[in-house]
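Just so you know, the working numbering puts 104 at position 106 of the sequence shown, and the rest follows in order with no gaps.
We treat Cβ as the ideally placed atom computed from N, Cα and C, and that holds for glycine.
For reference, the structure is listed below as structure tokens.
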Amino acid sequence: MSNKIDNLLRPSSFEKFFGQEDITSQLKIHIFSAKNRKTVLSHILFYGPPGLGKTSLANILANEMGSKIVTVTAISLEKVPDLVSILGQLEAGDILFIDEIHRLKIELCELLYSAMEDFKIYVSYKNDENTKLLTLNLAPFTLIGATTNIGSISKPLYDRFALIFKFNYYDEQTLWKIIDQNSKFFNLNIDKKLYPLITERSRFTPRYLNNILLKISDYSLYYNVKKFNEKELLHAFEIMKINEGGLTYEDIEIIKIIGENFSNRPVSLEAVASMLNEDANNIKNVNEPFLVMSNIILRTKRGRMLSQKGLKILEKYS
Ligand code: ADP
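If you want it as structure tokens, here you go:
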């Protein structure tokens, strides 16, 4: 799910979209061949934690193909007619981008099966006492689905995507390029040697990185900072609650629950989630990948535990 800053900073071309080369290099080939054969792009599924560029890349694909993109979030589609109306309005070559596609209701998924396969949908309607089945032909289109929760996508829907790509966390050098690109927008003047201090707190995720840039840009306006030095930058982090390691309030709560409430004995994600009053899937797909990648939480056979690094963090926050 995106916010206003996301839309303002969304890269519009491959040149402005850094990293994820494994994905972009393949997509460029698919774009080239689709244009060459004058066909639509195959259906594409993007998955991975939030903020890594799935929506951005869907928009870039539309730009590169010269196609219109229609964007919807799965939860905004409640009933079959909602989706029928969107599908019915698509024109040849259009891209339909469904965000958080794992949340699409089953009856809407079923509608997509034939739409994706043969560009047809079958809609039942009541005529007198009888129920009749109506076939609607659709214009050839490309469905791009994005999800943070690949495990919740039904097998028949998953199988209908010809191209499936996993988004990974970004490396430091790539994030530095994003700082370079976006600091002009935020009117920020930061020495390159301070970049590592920022990326260390970015969760290796462009969306978080942009949020940090926004916060320190607000700070610089308020404190009239023309050019950040290290001391000022660290002060901005402190005031704006930009934690070391990029830990969010929720991450810290999770660390405390495992370390304090469960005395760092192996615990299930469901137990942590219920103490947090959160959905276990949300923790599994949003917080946990980052905490595991950062070697703070260990995923053992018997459950989740804190690593030595996790225990040190616990000491700091308890
Ligand atoms: P997702 O759809 O995976 O949640 P978005 O595409 O909405 O992520 O990305 C959030 C923001 O992060 C974008 O608006 C953009 O500013 C920035 N961003 C994401 N990926 C990149 C990238 N590879 N290069 C530059 N900026 C990026």
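query, result
"Where does M303 sit, in a helix, a strand or coil, going by DSSP?", "strand"
"Please work out which residues of its chain come closer than 8 Å, Cβ to Cβ, to F15, disregarding the five sequence neighbours upstream and downstream, and give them in chain order.", "P9, T22, G51, S54, L55 and I58"
"Measuring straight from C-alpha to C-alpha, what distance separates N5 and P48?", "15 Å"
"Please return the same chain residues whose Cβ sits closer than 6 Å to the Cβ of F288, not counting the five positions on each side in sequence.", "R201"
"In the DSSP output, what is R297 paired with across the bridge?", "R302"
"Looking at the secondary structure, which residues open and close the alpha helix (DSSP H) in which I255 lies?", "Run containing I255: none; DSSP gives neither H nor E here."
"Is it the case that the Cβ atoms of A137 and A60 are separated by a distance below 8 Å?", "no"
"Would you tell me roughly how many angstroms separate the C-alpha atoms of T140 and I281, rounded to the nearest one?", "31 Å"
"Relative to the alpha-carbon of F165, which residue among I29, W174 and T145 has its alpha-carbon at the smallest distance?", "T145"
"What residues does the ligand ADP have around it, judged by CB closer than 6 Å to any heavy atom, in chain order?", "S0, D4, L7, R8, P9, F15, F16, G17, Q18, P48, G49, L50, G51, K52, T53, S54, A144, I176, P204, R205 and N208"
"Confirm, please, whether the CB-CB distance from I253 to L312 is below 8 Å.", "yes"
"How many Å lie between S218 and T71 at the Cα?", "35 Å"
"What does DSSP give as the partner residue(s) for Y123 in the beta ladder?", "K130"
"Please name the residue in L231, K307 and D216 whose C-alpha comes closest to that of L245.", "K307"
"Relative to the alpha-carbon of E170, which residue among D157, S150, K182 and Y193 has its alpha-carbon at the smallest distance?", "Y193"
"Rank R199, E248, L155 and Q18 by C-alpha distance to the C-alpha of L110 and give the top, closest one.", "L155"
"For the stretch 21 to 95, which segments carrying the alpha helix (DSSP H) assignment without a break, of at least 4 residues, lie completely within its bounds, in sequence order?", "52 to 63 and 78 to 87"
"Given that a residue counts as buried once 16 or more other Cβ atoms are within 10 Å of its Cβ, and exposed if not, what is L43?", "buried"
"Whole angstroms are fine: how far does the CA of L39 sit from the CA of E98?", "20 Å"
"Within 10 angstroms of its Cβ, does G17 collect 16 or more other Cβ (buried), or is it exposed?", "buried"
"Is it right to say I210 is buried, meaning 16 or more other beta carbons lie within 10 angstroms of its own, or is it exposed?", "buried"
"Quick check on D92 - is its C-beta less than 8 Å from some C-beta in chain B?", "Of the protein chains in this structure there is only one, and it is not chain B."
"Taking 8 Å as the cut-off, decide whether the C-beta atoms of F95 and I142 are in contact.", "yes"
"Using only alpha-carbon positions, find the residue among S112, V121 and Q87 that is nearest to K77.", "V121"
"Please return the same chain residues whose Cβ sits closer than 7 Å to the Cβ of S65, not counting the five positions on each side in sequence.", "G91, D92 and I93"
"Judging by CA-CA distance, which residue of L231, I176 and K103 is the nearest neighbour of T203?", "I176"
"Excluding sequence positions up to five away, which residues of its chain have a Cβ less than 7 Å from the Cβ of S181?", "I188 and L211"
"With a Cβ-Cβ cutoff of 8 Å, do N135 and K118 count as a contact?", "yes"
"Helix, strand or coil for F226 per DSSP?", "strand"
"In the DSSP assignment, the alpha helix (DSSP H) including I281 goes from what residue to what residue?", "Unbroken run through I281: none, as it is neither H nor E."
"Is A113 helix, strand or coil when you go by DSSP?", "helix"
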